[in-house]
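Engineer: Order-wise, the sequence lines are chains A and B. Mapping of the first sequence onto this note's numbering: position 43 corresponds to residue 876, and the numbering continues sequentially without gaps. Mapping of the second sequence onto this note's numbering: position 91 corresponds to residue 924, and the numbering continues sequentially without gaps.
Number of protein chains: 2
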Amino acid sequence: MQVKQNIPEYYGLSEEEVRMTLESYVEEHYKAGEYFLQEGKIAGKIGFVKKGIFRSFFYNDNTDDITTQFYVPGSLIISIESLNNQVPSKENIVAVVDSELSTVSYERQKQLYELIPAWNRICKDLGDEMNKDMLNRATQLQTMSATERYQDFCTQNPEIIKNVALKHIASYLGIDIATLSRIRRKI
Amino acid sequence: MQVKQNIPEYYGLSEEEVRMTLESYVEEHYKAGEYFLQEGKIAGKIGFVKKGIFRSFFYNDNTDDITTQFYVPGSLIISIESLNNQVPSKENIVAVVDSELSTVSYERQKQLYELIPAWNRICKDLGDEMNKDMLNRATQLQTMSATERYQDFCTQNPEIIKNVALKHIASYLGIDIATLSRIRRKI
DNA sequence: AGCATTGTTTGACAAAAGTCAAATAATGAA
DNA sequence: TTCATTATTTGACTTTTGTCAAACAATGCT
Chain A
834 MQVKQNIPEY
844 YGLSEEEVRM
854 TLESYVEEHY
864 KAGEYFLQEG
874 KIAGKIGFVK
884 KGIFRSFFYN
894 DNTDDITTQF
904 YVPGSLIISI
914 ESLNNQVPSK
924 ENIVAVVDSE
934 LSTVSYERQK
944 QLYELIPAWN
954 RICKDLGDEM
964 NKDMLNRATQ
974 LQTMSATERY
984 QDFCTQNPEI
994 IKNVALKHIA
1004 SYLGIDIATL
1014 SRIRRKI
Chain B
834 MQVKQNIPEY
844 YGLSEEEVRM
854 TLESYVEEHY
864 KAGEYFLQEG
874 KIAGKIGFVK
884 KGIFRSFFYN
894 DNTDDITTQF
904 YVPGSLIISI
914 ESLNNQVPSK
924 ENIVAVVDSE
934 LSTVSYERQK
944 QLYELIPAWN
954 RICKDLGDEM
964 NKDMLNRATQ
974 LQTMSATERY
984 QDFCTQNPEI
994 IKNVALKHIA
1004 SYLGIDIATL
1014 SRIRRKI
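What follows is the structure, given as structure tokens:
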């Protein structure tokens, strides 16, 4: 999910509103392997990726590590259900490499809805973007072969290919790691 | 996607706001096979399903009819990209059986954002719900076998099973029609 | 009712993808 | 650097899923 560029201009934020927005951000650094959110904990913030890569995943019945999403610079990191309903998260979100985020706390987020009317629209648009991406992902899983999914992923996400363990990409694409290894050999 | 019940109470709408909201709805009847939205046209409204079933689909390169979603009573029908950006739709949305909708036009929708502050939150929450559903769908396609996906679909959507052609369910689940037929025999 | 159209099932087969286990390769910590 | 751990590849094999074509069933017009 890529955050729309030039938010202030686009949404006609006043200088005061821009100032309040910028004040709300907290910069955070994550070492590879550090968690943004852990299973069982309640999400307390959203994050905008400035640098690095994050990965969200959960453990299924068989305790397999299932990757549900990658987050690259420009992405919004949010665990919607946990954050909105303040319930324990079912997913983990972890930095894959050393990374930097701008975060906004849940509390501050709620204030911004009141303070800056346009904030609602910004968040709605971000949500719509996520929706489009998610629909796209579902459609790919629905209609494309393992090889096609991998090839498309490679062209769309060269940075992820370079930095993320193959097994996590395999899991994200719904492909067995051995099968993906063979797909790579053939290409 | 199920629309949250009791919207007025939940979002603290005033009587006046409830009145404006209700005034915005246009009731529409669709015969089986009638289109809510056609590929190439620009989406002009959103719809809440009151009765019946709708189906969204597109044609891929091979001109296969790919079902992307079903809409049952309580669902919000929206073609996000086409409506938000007022660009031609890539998908079709059609009534599977005789159906009834409450619709709100794109123009009125925009007015409501101004007239009723809570409308922003309502729409954001609806979007979040859609997001959750879509993530769930992607995860199923990613991790479950064809048989598991079909079984889960049957328990979650008995009404759809009863009323929609098997080939559309197969397409939605990403399963070949012949394969799904065999899955059914075995169960 | 009769017929054409569309949807579903089935068989025989092919291709895609997964499983298990072992061999390599890469990585990271002492 | 060395060793243990983790990641990736590979082989041999099984299972799942898809393909094609034909048969059968259901549906809807006229």
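For every residue, glycine included, the Cβ atom is placed at its ideal position computed from N, Cα and C. Given the structure is predicted, the values throughout are model-derived calculations rather than measurements.
Is any heavy atom in the ligand ADP found nearer than 7 Å to the beta carbon of B/I1020?
Structural biologist: This structure lacks the ligand ADP; in fact it carries no ligand of any kind.
Engineer: Which runs of the beta strand (DSSP E), 3 residues or longer, sit entirely within the region 920 to 962 of chain B?
Structural biologist: Segments of the beta strand (DSSP E) lying fully in the region 920 to 962 of chain B: 925 to 928, 932 to 938.
Engineer: I need the straight-line Cα distance from A/K884 to A/E933, nearest angstrom please.
Structural biologist: So the two alpha carbons sit approximately 5 Å from each other.
Engineer: Using a Cβ-Cβ distance cut-off of 8 Å, determine whether B/T980 contacts chain A.
Structural biologist: No, because no Cβ of chain A sits closer than 8 Å to the Cβ of B/T980.
Engineer: Please name the residue in A/S908, A/S912, A/S889 whose C-alpha comes closest to that of A/T901.
Structural biologist: Measuring from the Cα of A/T901, the nearest candidate turns out to be A/S889.
Engineer: Could you tell me which of A/S908, A/M977, A/N925, A/I899 sits nearest to A/I1002, measuring between CA atoms?
Structural biologist: Selected option, being the one with the closest Cα: A/I899.
Engineer: Against chain A, does B/M853 count as a neighbour if the rule is that its beta carbon must be under 8 Å from one of theirs?
Structural biologist: Not one chain A Cβ lies under 8 Å of B/M853.
Engineer: Which residues in the same chain as B/Q919 place their Cβ atom closer than 6 Å to its Cβ, once the five residues preceding and following it in sequence are excluded?
Structural biologist: Taken in chain order, the residues that qualify are I875.
Engineer: Do B/A979 and B/I1016 count as a contact pair if the criterion is CB distance below 8 Å?
Structural biologist: Yes.
Engineer: Looking only at C-alpha atoms, which of B/N917, B/I910, B/Y939 sits nearest to B/I803?
Structural biologist: The requested residue 803 of chain B is not part of the displayed model; chain B covers only 834 to 1020.
Engineer: So which residues on chain B does A/G960 lean against when the C-beta distance must stay under 8 Å?
Structural biologist: What A/G960 touches in chain B: K957, G960, D961, N964.
Engineer: Going by alpha carbons, who is nearest to B/G907 out of B/E849, B/Y863, B/F881?
Structural biologist: Of the listed residues, the one whose Cα sits closest to B/G907 is B/F881.
Engineer: I need the straight-line Cα distance from B/I994 to A/S912, nearest angstrom please.
Structural biologist: About 32 Å.
Engineer: Any chance you could list the alpha helix (DSSP H) runs of at least 4 consecutive residues sitting entirely within the region 881 to 923 of chain B, in chain order?
Structural biologist: DSSP runs (the alpha helix (DSSP H)) wholly in the region 881 to 923 of chain B: 913 to 918.
Engineer: Between the Cα of A/T896 and the Cα atoms of A/I1020, A/S1004, A/K1019, which residue gives the shortest distance?
Structural biologist: Looking at the Cα atoms, A/S1004 is the closest of the given residues.
Engineer: Identify every residue that forms a DSSP beta bridge with B/L870.
Structural biologist: Answer is B/I926.
Engineer: Please work out which residues of its chain come closer than 8 Å, Cβ to Cβ, to A/S847, disregarding the five sequence neighbours upstream and downstream, and give them in chain order.
Structural biologist: For A/S847, where only same-chain residues beyond five positions count, there are no Cβ hits under 8 Å.
Engineer: Excluding the 5 residues flanking B/E861 on each side, which residues of the same chain have their C-beta closer than 6 Å to its C-beta?
Structural biologist: Cβ neighbours of B/E861 beyond the five flanking positions: L934, T936.
Engineer: How about the region 962 to 979 of chain A and the region 937 to 946 of chain B: do they share at least three Cβ pairs that are nearer than 8 Å?
Structural biologist: No, because fewer than three Cβ pairs between the region 962 to 979 of chain A and the region 937 to 946 of chain B fall closer than 8 Å, the two stretches do not touch.
Engineer: Where A/N917 and A/I1020 are concerned, what is the direct C-alpha to C-alpha distance, given to the nearest angstrom?
Structural biologist: One C-alpha to the other measures close to 43 Å.
Engineer: Can you check whether the C-beta of A/A971 is within less than 8 Å of a C-beta belonging to chain B?
Structural biologist: Answer yes: the Cβ-Cβ gap between A/A971 and chain B drops below 8 Å somewhere.
Engineer: Closer than 8 Å, CB to CB, is A/L948 near chain B or not?
Structural biologist: Chain B contact via Cβ: absent.
Engineer: May I ask which residues mark the beginning and end of the alpha helix (DSSP H) holding B/Y983?
Structural biologist: Start and end: 979 to 989.
Engineer: Report all residues from its chain with a CB closer than 7 Å to the CB of B/T988; omit the five preceding and five following residues, and keep chain order.
Structural biologist: Excluding residues within five positions, none has a Cβ falling inside 7 Å.
Engineer: Inspect the beta-carbon positions of B/A928 and B/A998 and report whether they are closer than 8 Å.
Structural biologist: Not in contact: B/A928 and B/A998 (Cβ atoms no closer than 8 Å).
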